[in-house]
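Novice: Under the working numbering, the final residue of the sequence shown carries the number 337; numbering is consecutive throughout.
Beta carbons are placed, not taken as given, at the ideal position from N, Cα and C, and that holds for glycine.
Below is a structure I'd like to ask you about.
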Amino acid sequence: MPIVPHGDNFILDLLFTMSTSEDHSTCLAVVVSYLESHPKHSYRGFLKVCRDEVVDLTPFVNDWRYLDNFWVDQFLKTAELQLEKEIYLSLKEKVKLERKGKGLHTYWKEVIEELFY
């Protein structure tokens, strides 16, 4: 049965219980690999290029906003550690624009369908 988050505390509890350090390390490795091999960094580009890994490592949650928040957090935290400050700040602004509105709604709905159906 899919998990539906119901607030900030639930999400934090969910992340704590679902995530192992191995899963977290794997997510970081996927983002690092993307950042190193694609000089024109973008969140959408990451999601497109690393789709199989994103699906494999995505928590079983059927809320597209939660999934987007989960992955943007992985992406930006890793980028902050890997990139020069100016490049990171520029990327962070680009990511805001890429996520504006329901721009990634279709992407995440397809991921959810792949996970649950």
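In chain order, which continuous runs of the alpha helix (DSSP H) of length 4 or greater are located wholly inside the stretch 283-308?
Specialist: Within the stretch 283-308, the runs of alpha helix (DSSP H) at least 4 residues long that lie entirely inside it are, in chain order, 284-302.
Novice: Report yes if the C-beta distance between Q302 and L267 is below 8 Å; otherwise report no.
Specialist: no
Novice: Only counting the same chain, and skipping five residues up and downstream in sequence, which positions put a Cβ closer than 6 Å to that of V250?
Specialist: The answer, listed in chain order, is C270 and E273.
Novice: What do you reckon, are the CB atoms on S262 and K305 nearer than 8 Å?
Specialist: no
Novice: Considering only C-alpha positions, which residue in the set P259, C247, S257 and R264 is nearest to E318?
Specialist: R264
Novice: I'd like to know whether the C-beta atoms of K312 and L296 end up nearer to each other than 8 Å.
Specialist: yes
Novice: What is the residue span of the alpha helix (DSSP H) that L277 lies within?
Specialist: Annotation for L277: the continuous alpha helix (DSSP H) segment containing it runs R271 to L277.
Novice: In whole angstroms, what is the alpha-carbon distance linking Q294 and E300?
Specialist: 10 Å
Novice: Beta carbon of W291, beta carbon of K329: below 8 Å?
Specialist: no
Novice: If you check the beta carbons only, do E334 and V275 fall under 8 Å apart?
Specialist: yes
Novice: At the level of alpha carbons, what is the spacing between V320 and D288?
Specialist: Sequence inspection shows Lys at residue 320; the Val mentioned does not correspond to that position. Approximately 12 Å, taken between the alpha carbons.
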